[in-house]
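Worksheet for the structure shown next.
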Amino acid sequence: MQVTTTLQAYERIGVLGLGLTGLSAARFLLGHGLSPVLMDTRAESVQKLQAEPALAACEQYLGALDLEALLSLDLVIMSPGLAFKDPALLMARDAGVEFISDIELFARLVRVPVIGVTGSNGKSTVVSLVTHMLRECGRDVGLGGNIGTPALDLFSAEHDCMVLELSSFQLEQTHSLNLAAATVLNISADHMDRYPSLDAYALTKNRIYRRAEVLVFNRDDKRTLPSRVRALQHTVSFGLQDDDQNFALELQGGDEFICFNGQPLVATQRLSLPGEYNKANVMASLALVAALGVDLERAAQAATSFQALKHRCQLVKDAKHVRWINDSKATNIGAAAAAVEGLRADVTGKLILIAGGDAKGADLNELKPVLAQVDELITLGKDGPAIAALKAGSHQVSSMSQAVKKAASLASKGSLVLLSPACASLDMFNDYQQRGDVFIAAVEAVHGVT
1 MQVTTTLQAY ERIGVLGLGL TGLSAARFLL GHGLSPVLMD TRAESVQKLQ
51 AEPALAACEQ YLGALDLEAL LSLDLVIMSP GLAFKDPALL MARDAGVEFI
101 SDIELFARLV RVPVIGVTGS NGKSTVVSLV THMLRECGRD VGLGGNIGTP
151 ALDLFSAEHD CMVLELSSFQ LEQTHSLNLA AATVLNISAD HMDRYPSLDA
201 YALTKNRIYR RAEVLVFNRD DKRTLPSRVR ALQHTVSFGL QDDDQNFALE
251 LQGGDEFICF NGQPLVATQR LSLPGEYNKA NVMASLALVA ALGVDLERAA
301 QAATSFQALK HRCQLVKDAK HVRWINDSKA TNIGAAAAAV EGLRADVTGK
351 LILIAGGDAK GADLNELKPV LAQVDELITL GKDGPAIAAL KAGSHQVSSM
401 SQAVKKAASL ASKGSLVLLS PACASLDMFN DYQQRGDVFI AAVEAVHGVT
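Quick note, in UniProt numbering, the sequence shown goes up one by one and the last residue is 450.
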């Protein structure tokens, strides 16, 4: 890998933001003989640097952004959580300092086929399913990006293909990512505290298609359609509606199948993932792996052995004729809607929803049709009162433990209790994982398990 050759035009390289992604970029550069300038607006990041001698030896600027230091740099690898709101960043960019994401650096270095996945919901499930399918088809695949393993860390091992989960934040500063296949799974209001409109958010997601060979879009969601299809690019669609020339659902012999061009690949009753939205996720995954030339029937069979990820419509308890589902990853309205709509038909008793948290500026009125499908609503967190106001007879609580106890008191035979918050978690928890873990612990406590 010609890292130094790729970066030889840059005399001084900075890494801005020392979270998981930033530290990965810093270590990557150090591993290739380059000493980056490390910057973070959080002064407490010094503790992370002191823990690693190589990082501690780098030039550092911690705390308020130093404009003079920024202007001394030729290239800045900027963490996705940061936006161009600070005047110092705007001035440095206007002065000619180049800002890129770690994904952009990855793009300039990668030499194997890459599949890219973005969307408001389902990204982690799809990239994990795509990876599972490819491995079952004999491919040596690396999985990273927004799912936990930073993209640059994937270069530490040899792979014949790679799969990336990409957020809108990562795509903002990514310009040259060549992809064998790319998809925008769906678009629903999210991060409205960062983007001026839903259209602006969707347009950022659409950037994933720019240099992809195969563009996989959701024909049930017009915002996922590529804004432009260039010469030599090929489009494939998936959706829950009939389409005899793409990936679709069809009834054959009384059974529902996922089909491609009218040919059945797998019966949906054999899929391990629940809900209508997961049928769409399987179709999207098949469309993506097809771009790498794998056997579609073999890939479809792999979908029957794939297990749901933790915190994503995860069944955590089935006791006393009541099921408890942890969908803590549902951090926006679209995700919660998909969960409720996908599970409603399978509930013979009450559907009890636990929701609330930080809505991130979303229009909560969009929850009304979702809440109409719910029998009982329990809310908590910063925007819990606003959500509770949307449904008569809702129950407001102040903790997850109280929410679970209230749900247990409301549940009857055949009920399903669904934690699908429709909100971010940071008002009460470190992240959605902790929120889900606290929910699981509370469910176990209610059932006398320690």
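We put the CB at the ideal spot given by N, CA and C, even for glycine. Nothing here was measured: the structure is a model prediction, and the numbers come from that model.
Check	Outcome
DSSP-derived helix/strand/coil call for G22	helix
Rounded C-alpha distance that separates Q396 from L380	6 Å
Nearest neighbour of K368, chosen from G19, I378 and I333 [CA to CA]	I333
Environment of D383 [buried if 16+ CB atoms lie within 10 Å]	buried
Cβ pair A408, V370 closer than 8 Å	no
Whole-angstrom distance between I103 and Q170, CA atom to CA atom	7 Å
7 Å Cβ shell around F106 - same chain, five flanking residues per side excluded	A151 and L152
N261 and L185 closer than 8 Å at C-beta	no
Distance, L7 Cα to H32 Cα	11 Å
Beta carbon of L129 nearer than 8 Å to that of F306	yes
Per-residue burial, N365 [other beta carbons within 10 Å of its own, 16 or more giving buried]	exposed
Residues near C313 by beta carbon distance below 7 Å, same chain, minus five either side	P274, G275, I325, D327 and A339
8 Å Cβ shell around S227 - same chain, five flanking residues per side excluded	L203, N206 and Y209
Assigned exposure category for H234 - 16 Cβ within 10 Å defines buried	exposed
Rounded C-alpha distance that separates P385 from G145	35 Å
Minimum C-alpha distance to N281 - residue among L240, E98, Q60 and T174	L240
Residues near F99 by beta carbon distance below 7 Å, same chain, minus five either side	V76, M78, R93 and Q173
Nearest-angstrom beta carbon gap, A442 and V404 [assumed within contact, 8 Å]	4 Å
Opposing strand residues paired with H447 [DSSP bridges]	According to DSSP, which records beta bridges pairwise, H447 is partnered with nothing at all.
Nearest residue (CA-CA) to V97, options S176, N178, Q50 and A9	A9
Counted within 10 angstroms of its Cβ, other Cβ atoms place V446 as buried (16 or more) or exposed	buried
Rounded Cβ spacing between T149 and V141 (contact assumed at less than 8 Å)	Not a contact, Cβ separation roughly 12 Å.
Secondary structure of L426, DSSP reduced to three states	coil
Cβ-Cβ distance between V216 and V236 below 8 Å	yes
Own chain residues within Cβ distance below 6 Å of L62, not counting five before or after	D40, A43, S45 and V46
Proximity of A182 and A231 at Cβ, strictly below 8 Å	no
Beta-carbon spacing of L351, D375 below 8 Å	yes
CB contact flag (S415, V322, <8 Å)	yes
Whether L67 touches A88 by CB criterion (8 Å)	yes
Backbone CA spacing between T450 and S197 [nearest angstrom]	Per-residue confidence for T450 stands at a pLDDT of 45, beneath the threshold of 50, marking its modelled position as unreliable; no derived number is given.
Buried versus exposed, by CB contacts within 10 Å (16 or more), P421	buried
Opposing strand residues paired with L132 [DSSP bridges]	It should be pointed out that residue 132 corresponds to His in this sequence rather than to Leu. DSSP output for H132 lists no bridge partner at all.
Beta-carbon proximity of D160 to R194, cut-off 8 Å	no
Reduced DSSP secondary structure (H/G/I, E/B, other) of I387	helix
Counted within 10 angstroms of its Cβ, other Cβ atoms place L179 as buried (16 or more) or exposed	buried
Where the alpha helix (DSSP H) through I366 begins and ends	Note that residue 366 is Glu in the sequence shown, not Ile. Careful: E366 lies outside any alpha helix (DSSP H) and carries neither H nor E.
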